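Step one of this worksheet: look at the structure below.
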Amino acid sequence: MKTIKSALISVFDKSNLDAILTLLSQHDVTIYSTGGTRTFIEDKGIKVEPVEDLTDYPSILGGRVKTLHPKVFGGILSRRDNPSDKKELTTYSIPEIDLVIVDLYPFEDTLKSGASHEDIIEKIDIGGISLIRAAAKNYKDVVIVPSKNEYSFLQEILTKNNGATTIEERKVLAGKSFQISSAYDAAINGYFTGSTNKTIVLGKPNELRYGENPHQKGVFYGNLDEIFEQLHGKAISYNNLLDIDGAVSIMNEFDNSKPAFAILKHNNACGMAIRDTLTEAYEAALAADPVSAFGGILIANIKMDLATASKINSLFCEVVIAPDFDIEALEVLKTKKNRIILKQKSNSIANDQVRTILNGILWQDKDLKTDKKSDLKTVTKTKPSDIEIDDLIFASKLCKNTKSNTIVLVKNQQLIASGTGQTSRVDALNQAIEKAEKFGFDLKGVSMASDAFFPFPDCVEIAHKKGILSVIQPGGSIKDQLSIDYCNQHGVSMVFSGTRHFKH
Numbered sequence: 014m015k016t017i018k019s020a021l022i023s024v025f026d027k028s029n030l031d032a033i034l035t036l037l038s039q040h041d042v043t044i045y046s047t048g049g050t051r052t053f054i055e056d057k058g059i060k061v062e063p064v065e066d067l068t069d070y071p072s073i074l075g076g077r078v079k080t081l082h083p084k085v086f087g088g089i090l091s092r093r094d095n096p097s098d099k100k101e102l103t104t105y106s107i108p109e110i111d112l113v114i115v116d117l118y119p120f121e122d123t124l125k126s127g128a129s130h131e132d133i134i135e136k137i138d139i140g141g142i143s144l145i146r147a148a149a150k151n152y153k154d155v156v157i158v159p160s161k162n163e164y165s166f167l168q169e170i171l172t173k174n175n176g177a178t179t180i181e182e183r184k185v186l187a188g189k190s191f192q193i194s195s196a197y198d199a200a201i202n203g204y205f206t207g208s209t210n211k212t213i214v215l216g217k218p219n220e221l222r223y224g225e226n227p228h229q230k231g232v233f234y235g236n237l238d239e240i241f242e243q244l245h246g247k248a249i250s251y252n253n254l255l256d257i258d259g260a261v262s263i264m265n266e267f268d269n270s271k272p273a274f275a276i277l278k279h280n281n282a283c284g285m286a287i288r289d290t291l292t293e294a295y296e297a298a299l300a301a302d303p304v305s306a307f308g309g310i311l312i313a314n315i316k317m318d319l320a321t322a323s324k325i326n327s328l329f330c331e332v333v334i335a336p337d338f339d340i341e342a343l344e345v346l347k348t349k350k351n352r353i354i355l356k357q358k359s360n361s362i363a364n365d366q367v368r369t370i371l372n373g374i375l376w377q378d379k380d381l382k383t384d385k386k387s388d389l390k391t392v393t394k395t396k397p398s399d400i401e402i403d404d405l406i407f408a409s410k411l412c413k414n415t416k417s418n419t420i421v422l423v424k425n426q427q428l429i430a431s432g433t434g435q436t437s438r439v440d441a442l443n444q445a446i447e448k449a450e451k452f453g454f455d456l457k458g459v460s461m462a463s464d465a466f467f468p469f470p471d472c473v474e475i476a477h478k479k480g481i482l483s484v485i486q487p488g489g490s491i492k493d494q495l496s497i498d499y500c501n502q503h504g505v506s507m508v509f510s511g512t513r514h515f516k517h
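Quick note: the sequence shown, position 11, residue 24 per this note's numbering, numbers continuous.
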């Protein structure tokens, strides 16, 4: 157990620092600080020693050099049980520093803001990252708080231990510190080197009950709290996470100008619809495949109301996601104790995709290209109507987020059926047709999307004979003309999007 007697505080974001300052003051901790942080502390009426008085050196180069001094780092790195270190501290009048609190310059936020190169460079933290590494290295004697996200943990420790810390607590914070410094350096590395060099930082580990199957270990690395607030239900599983990711990815394709609802199972949409009310959208989504919806993941693009929640409650489902919930709707959904209810706070998801293969790692940009009307090129004599174009775009968005090979059938902004993960495009189409007919859909006037080009005209022929009269595909086959000719001979409209959307 180590009692904190002195602290160095240098933070960019000063929000929520007040409670920590109050605790340190109550325990008579000597606080050192500089620049804006020192001014902030002084404004709170708390005594603070300027770092400049400790070092006998001013902040220079426009604030680029403030804490980089032996009297600062000597006090952090000194080994308390090392006689030689203690002697040198005495010789050079260096005080021991027991606690270091840092919040780094927001490099990634500055990068995302579209700031100039000069502004981005200035947000590369030098002193802060050095303080973090030094204090973390000497965790045996020093407490390091590497970001504002750890203030609450420090507050809990100080309150529980009456101003002291244990070696275990200091080691936990040291581990988080190196994780933060690694991620920070990785972001800077990415900026300077571009996409040719990738540093993968896993982030915070969250142990799962198991992996894809009970005999497999599973861990999620990341912070779900940034995207969701879990309002109810059991712990989220590995498979839940995969489906939740798929659900968010699909709903990201659509705006919230009209209510939309999707139902997913095993990462594929088994139901999706846009309607005038959320209840109508849910009912239309469910109609596409009420069998697969059992145990599925449900997602809405607008606030969940009581009427829709009451309909959902009769269905066994694993997860319900919405940007918000009416109080009455939430109470209804909570009647199933294990049902996971997630309030979606953000639709921000990773732009990269990484997977392990063989003895290495595959990395790629995520497919963020969404087909738009302006991308479409009509290649047949018959042109699709405005309604058909809307359905083709709708179908294309679902196709992009469905396992290849896939064919998606849509009518009036409703998923009618899809063929998923088939080894041939013909099989995918036949699967979609069989499913649509099984659930009583008339295929006349349905629009069809394919994730990749048709190498032969067989798919458009099968589709036409079932009454499908509009098609979207990327094009690009050396035999495109065969499919175009068949469509022209039978009055089928077909557009090329120019973009393939394989998903493996």
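Glycine included, each C-beta is placed from N, C-alpha and C at the ideal position. The structure displayed is predicted, hence computed values, not measured ones.
Buried versus exposed, by CB contacts within 10 Å (16 or more), residue i
i    : result
M14  : exposed
H477 : buried
Y45  : buried
A248 : exposed
E331 : buried
T419 : buried
T68  : buried
H228 : exposed
I374 : exposed
S250 : buried
D493 : buried
T50  : buried
G308 : exposed
P71  : exposed
G88  : buried
K448 : buried
T436 : exposed
P96  : exposed
P83  : exposed
F205 : exposed
Residue range of the beta strand (DSSP E) that includes residue i
i    : result
N226 : Run containing N226: none; DSSP gives neither H nor E here.
T43  : 43 to 46
M285 : 281 to 287
K6   : In the structure as shown, the chain begins at 14 and stops at 517. Residue 6 is therefore absent and cannot be evaluated.
E101 : Counting along the chain, E101 falls outside any beta strand (DSSP E), though it belongs to the alpha helix (DSSP H) covering 96 to 104.
A313 : 309 to 313
K278 : 273 to 278
G373 : 373 to 378
D116 : 112 to 116
V85  : Segment 83 to 90 is the alpha helix (DSSP H) holding V85; no beta strand (DSSP E) there.
I22  : 19 to 24
I420 : 420 to 423
H245 : 241 to 245
V332 : 330 to 335
Y234 : 232 to 234
V459 : Taken as a continuous stretch (DSSP letters only), V459 belongs to no beta strand (DSSP E), as it is neither H nor E.
Q435 : That residue, Q435, is in no beta strand (DSSP E); it is neither H nor E in DSSP.
F509 : 506 to 509
Same chain only: Cβ atoms within 7 angstroms of residue i, ignoring 5 sequence neighbours per side
i    : result
I157 : V113, I145, A148, A149, L186, A187, S190
V64  : Y45, S46, T47, K79, T80, V85
Whole-number beta carbon distance between residue j and residue i, since they are thought to touch under 8 angstroms
i    : j    : result
V333 : I354 : 5 angstroms
M507 : S496 : 7 angstroms
K386 : I406 : 7 angstroms
K27  : F53  : 5 angstroms
R352 : G453 : R352 to G453, Cβ: 29 angstroms. No contact.
K379 : F241 : No, K379 and F241 are not in contact; Cβ-Cβ is about 19 angstroms, not under 8 angstroms.
Own chain partners of residue i with C-beta closer than 8 angstroms, once the 5 adjacent residues on each side are dropped
i    : result
I400 : N425
K416 : N280, N281, T433, G434, K516, H517
N219 : V232, F233, Y234, G235, L237
N- and C-terminal bounds of the alpha helix (DSSP H) containing residue i
i    : result
I4   : An answer regarding residue 4 cannot be provided, because it is not within the stretch 14 to 517 covered by the chain.
Y251 : 251 to 264
A363 : Careful: A363 lies outside any alpha helix (DSSP H) and carries neither H nor E.
F205 : 180 to 206
H130 : 130 to 135
I406 : 399 to 413
S327 : S327 -> no alpha helix (DSSP H), and no H or E assigned at all.
Other residues of its chain near residue i: CB distance less than 6 angstroms, five sequence neighbours each side excluded
i    : result
L90  : A147, N151
N326 : V345
E62  : Y45
L171 : L36
S305 : K278, C283
R368 : L375
Next item on the list: Indicate whether the contact test is met: 3 or more Cβ pairs, each with one atom in the stretch 456 to 464 and one in the stretch 312 to 327, closer than 8 angstroms.
Entry: no
Check: Counting pairs of Cβ atoms below 8 angstroms between the stretch 480 to 487 and the stretch 465 to 472, do you hit three or more?
Finding: yes
Notebook entry, point to check: Is the stretch 297 to 313 in contact with the stretch 262 to 276, if contact means three or more CB pairs nearer than 8 angstroms?
Noted result: yes
Item checked: Segment contact flag, the stretch 126 to 134 with the stretch 98 to 106, C-beta cutoff 8 angstroms, min 3 pairs -> no
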